[in-house]
Amino acid sequence: MPLNGIKESLRSVIARPPRCLRCRGAVKSAAYPFCQRCSPRFSALIYGGCEECGKRAADCTCFSVGGTVRVYWLFSYKGDTARGIIYFLKRRASFEDYQYLGLKLRERVAEISGVGMSFDCVTFVPRKRDAFLFYGYNHAEQLAKQLAKRFGIPCVDLLAHTGTGGEQKRLSKEYRGLAAKTRFCINGEALADGRLPYRRVLIADDIVTTGTTMGECAQILKSYGVKQVYGAAIARTPRGNKIWMGGRYVPLSEVKK
Ligand SMILES: [Zn+2]
Ligand SMILES: [Zn+2]
Numbered sequence: 013m014p015l016n017g018i019k020e021s022l023r024s025v026i027a028r029p030p031r032c033l034r035c036r037g038a039v040k041s042a043a044y045p046f047c048q049r050c051s052p053r054f055s056a057l058i059y060g061g062c063e064e065c066g067k068r069a070a071d072c073t074c075f076s077v078g079g080t081v082r083v084y085w086l087f088s089y090k091g092d093t094a095r096g097i098i099y100f101l102k103r104r105a106s107f108e109d110y111q112y113l114g115l116k117l118r119e120r121v122a123e124i125s126g127v128g129m130s131f132d133c134v135t136f137v138p139r140k141r142d143a144f145l146f147y148g149y150n151h152a153e154q155l156a157k158q159l160a161k162r163f164g165i166p167c168v169d170l171l172a173h174t175g176t177g178g179e180q181k182r183l184s185k186e187y188r189g190l191a192a193k194t195r196f197c198i199n200g201e202a203l204a205d206g207r208l209p210y211r212r213v214l215i216a217d218d219i220v221t222t223g224t225t226m227g228e229c230a231q232i233l234k235s236y237g238v239k240q241v242y243g244a245a246i247a248r249t250p251r252g253n254k255i256w257m258g259g260r261y262v263p264l265s266e267v268k269k
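Going letter by letter, the sequence shown gives residues 13 to 269 in my numbering.
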């Protein structure tokens with residue numbers, strides 16, 4: 013573990029002059045983390061349509077993750093602007109960057125599910141210990157905290173990586189059979205009488221690719237009594253030459269046959 017990596021990361025979460033989230037150029041206000049050049053690109057990105065179905069991100073229903081009711085996402089992980097943002101978020105994000113993206117995601121939830129939509133708590137996908145030490149923070153947790161603040165609900169640490177301290181033993185009976193295949197488990201400290209005291213939970217992650225990670229986390233929460241799981245991600249990876257058909261992504265080559 014390079015010490016410089018840790019030092020750099022610690023520095024990143026401490027106050028520093030506001031920088032553009034895409035190019036690291038100077039910005040006028042930390043409350044709006046984009047420079048004049050990147051600002052229109054960011055707007056085009058988050059108000060741009062879905063890569064798969066062509067609809068506005070708010071109207072797109074072609075993306076689904078098993079175990080969740082719905083996943084809210086801000087933009088498609090495609091092109092220089094999207095890649096630049098995710099790159100810096102993972103490495104040198106500031107508190108204000110997450111504050112801003114949390115606000116944008118909160119707005120997206122309202123746009124899709126109405127302003128009255130809320131959850132009992134927000135949680136996040138755990139980050140591997142070595143990655144956590146390297147970067148000095150869990151980006152999904154930073155996002156979850158900001159979302160929780162915007163909704164006025166608690167941010168609760170509900171999940172853990174398997175093999176990080178015996179939590180696997182606490183898995184419920186019906187779930188234990190799957191444990192060998194899974195990477196995540198419940199955080200035993202969050203349980204009350206063996207159940208989670210939440211009905212509707214929002215899971216935050218920075219980027220959703222295949223949905224396997226978020227789906228796994230959703231299934232765990234549900235096996236402990238959560239009724240509805242929603243996801244929130246900054247970006248979603250487009251599926252390329254696949255289309256949504258009959259409840260799954262089908263390669264175009266298969267459709268033509
Ligand atoms: Zn910029
Ligand atoms: Zn779509």
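Glycine is no exception: its CB is placed at the ideal position from the N, C-alpha and C atoms.
The model shown is predicted, which means the values in this text are computed figures rather than measured ones.
C-alpha distance - residue i paired with residue j, whole-angstrom precision
{"i": "residue 197", "j": "residue 73", "result": "29 Å"}
{"i": "residue 127", "j": "residue 214", "result": "15 Å"}
{"i": "residue 76", "j": "residue 247", "result": "14 Å"}
{"i": "residue 155", "j": "residue 135", "result": "9 Å"}
{"i": "residue 273", "j": "residue 92", "result": "Absent from the model: residue 273. The displayed extent of the chain is 13 to 269, so no value can be given."}
{"i": "residue 108", "j": "residue 234", "result": "32 Å"}
{"i": "residue 117", "j": "residue 85", "result": "7 Å"}
{"i": "residue 130", "j": "residue 83", "result": "14 Å"}
{"i": "residue 106", "j": "residue 54", "result": "17 Å"}
{"i": "residue 99", "j": "residue 34", "result": "9 Å"}
From the options, residue whose alpha carbon lies closest to that of residue i
{"i": "residue 221", "options": "35, 140 and 90", "result": "90"}
{"i": "residue 202", "options": "36, 68 and 232", "result": "232"}
{"i": "residue 44", "options": "111, 139 and 82", "result": "111"}
{"i": "residue 209", "options": "52, 169, 149 and 223", "result": "169"}
{"i": "residue 1", "options": "167, 57, 204 and 30", "result": "The requested residue 1 is not part of the displayed model; the chain covers only 13 to 269."}
{"i": "residue 104", "options": "251, 147 and 46", "result": "147"}
Check whether residue i and residue j have beta carbons under 7 Å apart
{"i": "residue 164", "j": "residue 207", "result": "no"}
{"i": "residue 50", "j": "residue 65", "result": "no"}
{"i": "residue 230", "j": "residue 80", "result": "yes"}
{"i": "residue 160", "j": "residue 123", "result": "no"}
{"i": "residue 162", "j": "residue 227", "result": "no"}
{"i": "residue 60", "j": "residue 47", "result": "no"}
{"i": "residue 88", "j": "residue 63", "result": "yes"}
{"i": "residue 42", "j": "residue 30", "result": "yes"}
8 Å contact criterion, which residue i and residue j should meet: CB distance rounded
{"i": "residue 151", "j": "residue 218", "result": "5 Å"}
{"i": "residue 211", "j": "residue 132", "result": "6 Å"}
For residue i, three-class secondary structure by DSSP
{"i": "residue 191", "result": "Confidence is the limiting factor: at residue 191 the pLDDT is only 44, short of 50, which leaves the residue's position unreliable, though a coordinate-based value still follows. Reduced to three states, the DSSP call for residue 191 is helix."}
{"i": "residue 55", "result": "helix"}
{"i": "residue 135", "result": "strand"}
{"i": "residue 186", "result": "Confidence at residue 186 is low in this model, with a pLDDT of 47, below 50, so the placement of that residue is unreliable and no value is reported for it."}
(request) Output the residues surrounding ligand 3, defined as those with a CB atom closer than 5 Å to any ligand heavy atom, in chain order. (result) Among the ligands in the structure shown, ligand 3 does not appear; only ligand 1 and ligand 2 can be found there.
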